[in-house]
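Residue numbers (this note's numbering), protein chains in the order written: chain A, 179 to 286; chain B, 33 to 155.
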């Protein structure tokens, strides 16, 4: 099975900061990676699919990159509504479709 | 609008069974793979199971294999999860989620629609 490892587990930042979250797959998954945002008490929301494609309706300050085993999610200028937990998920053809352990983005 | 609504959660004793349902609307249910994802209290997301658009193939996480069964009724636009031999560690919020577009043999474009979740307590 493919393992997904996110770093850091938590990060503190201020409004307007640029933040980068990393996700590493235990084996190559090409660009079959998705990123989600989850706020407390809510269902996850798809932000990025295919490693770098922005889901419809998601602000352009969110971007994704990477291929193979190493991926990043970048928020270019943090807004108050971006403080949440972020998860990556491998979506290639072989289940299980594992999630990373999550990265909690907190206000500094 | 596109919507998924889960039901069937509740409090159940260890070793007993529960069936979750997920009613879909606003999209062509029979064209998409569907997943169950769960989240234990204070923990991260755990992928549980997937069923192909036509029900022909099903895959499970090792943690539920042999105890849980995913199924769908495309005539009723409904996804199910039959959960047997429940354990304390199965307690979680269970979400159903719709796959984005699928590239056969390669992968899928994320889970683009999620339900609000239904809570299962095993005690």
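Cβ coordinates follow ideal geometry from the N, Cα and C atoms, glycine included. Predicted model only: the values in this text are computed from it and were never measured.
Contact set between the segment 209-238 of chain A and chain B, restricted to residues whose Cβ is under 7 Å from the partner: Residues passing the 7 Å Cβ filter: 210, 212, 221, 222, 224, 227, 228, 233.
Cross-chain neighbours of residue 185 (chain A) in chain B, by beta carbon under 8 Å: Locating residue 185 (chain A) in the first chain gives position 7, where the first residue counts as 1. Going along chain B, no residue has its Cβ under 8 Å from residue 185 (chain A), so there is no contact; the nearest lies around 14 Å.
Candidates B:128, B:38, B:145, B:141, of which the one nearest residue 271 (chain A) by Cα: Locating residue 271 (chain A) in the first chain gives position 93, where the first residue counts as 1. For residue 271 (chain A), the nearest C-alpha among the options comes from B:141.
Residue environment, residue 10 (chain B), which counts as buried when at least 16 other CB atoms sit within 10 Å: Residue 10 (chain B) lies beyond the residue range present for chain B, which begins at 33 and ends at 155; the question has no answer from this structure.
CB contact below 7 Å: residue 120 (chain B) versus chain A: Start at 1 with the first residue of the second chain, and residue 120 (chain B) comes out as number 88. Contacts with chain A at 7 Å (Cβ-Cβ) do not include residue 120 (chain B).
Separation of residue 192 (chain A) from residue 36 (chain B), as counted between CA atoms: Start at 1 with the first residue of the second chain, and residue 36 (chain B) comes out as number 4. Start at 1 with the first residue of the first chain, and residue 192 (chain A) comes out as number 14. Computed Cα separation, rounded: 35 Å.
Min CB distance residue 140 (chain B) to chain A below 7 Å: Within the second chain, residue 140 (chain B) is the residue found at index 108, counting from 1. It does; some Cβ of chain A falls within 7 Å.
Buried versus exposed, by CB contacts within 10 Å (16 or more), residue 136 (chain B): Position 104 of the second chain, counted from the first residue, corresponds to residue 136 (chain B). Residue 136 (chain B) is classed as exposed because its beta carbon has fewer than 16 other beta carbons within 10 Å across all chains shown.
Proximity test, residue 254 (chain A) beta-carbon vs the ligand SAM heavy atom, cut-off 6 Å: Although the ligand SAM was asked about, the structure shown includes no ligands whatsoever.
Selection from B:109, B:45, B:40, B:148 that minimises the alpha carbon distance to residue 58 (chain B): As a first step, residue 58 (chain B) must be located in the second chain, where it is residue number 26. Residue 58 (chain B) has its Cα closest to that of B:109, out of B:109, B:45, B:40, B:148.
Nearest to residue 40 (chain B) (by Cα), restricted to the options B:150, B:98, B:104: Counted from its first residue, the second chain places residue 40 (chain B) at position 8. Measuring from the Cα of residue 40 (chain B), the nearest candidate turns out to be B:150.
Within-7 Å CB hit, residue 79 (chain B) to chain A: The sequence position of residue 79 (chain B) within the second chain is 47, counting from 1. Answer yes: the Cβ-Cβ gap between residue 79 (chain B) and chain A drops below 7 Å somewhere.
Coil, strand or helix - residue 63 (chain B) by DSSP: The count along the second chain starts at 1 and reaches residue 63 (chain B) at position 31. In the three-state reduction of the DSSP assignment, residue 63 (chain B) falls in the helix class.
Top-ranked residue by Cα proximity to residue 205 (chain A), from A:254, A:268, A:229, A:281: Your numbering for residue 205 (chain A) matches position 27 in the first chain. For residue 205 (chain A), the nearest C-alpha among the options comes from A:268.
Segment contact flag, the segment 114-130 of chain B with the segment 90-100 of chain B, C-beta cutoff 8 Å, min 3 pairs: Yes, they touch.
Residue(s) in a DSSP beta bridge with residue 81 (chain B): As a first step, residue 81 (chain B) is located in the second chain; it is residue number 49 there, counting from the start. Answer by DSSP bridge pairing, in chain order: B:68, B:92.
Residues that DSSP places opposite residue 57 (chain B) in a beta bridge: Start at 1 with the first residue of the second chain, and residue 57 (chain B) comes out as number 25. Its beta-bridge partners are B:35.
Top-ranked residue by Cα proximity to residue 217 (chain A), from A:261, A:276, A:266, A:273: Along the first chain, read from residue 1 onward, the residue named residue 217 (chain A) stands at position 39. Ranking the options by Cα distance to residue 217 (chain A), first place goes to A:261.
DSSP three-state assignment for residue 131 (chain B), whether helix, strand or coil: Numbered from 1 along the second chain, position 99 holds the residue referred to as residue 131 (chain B). Correct three-state label for residue 131 (chain B): strand.
Any chain A beta carbon closer than 7 Å to residue 72 (chain B): Numbered from its first residue, the second chain carries residue 72 (chain B) at position 40. Residue 72 (chain B) does not count as touching chain A.
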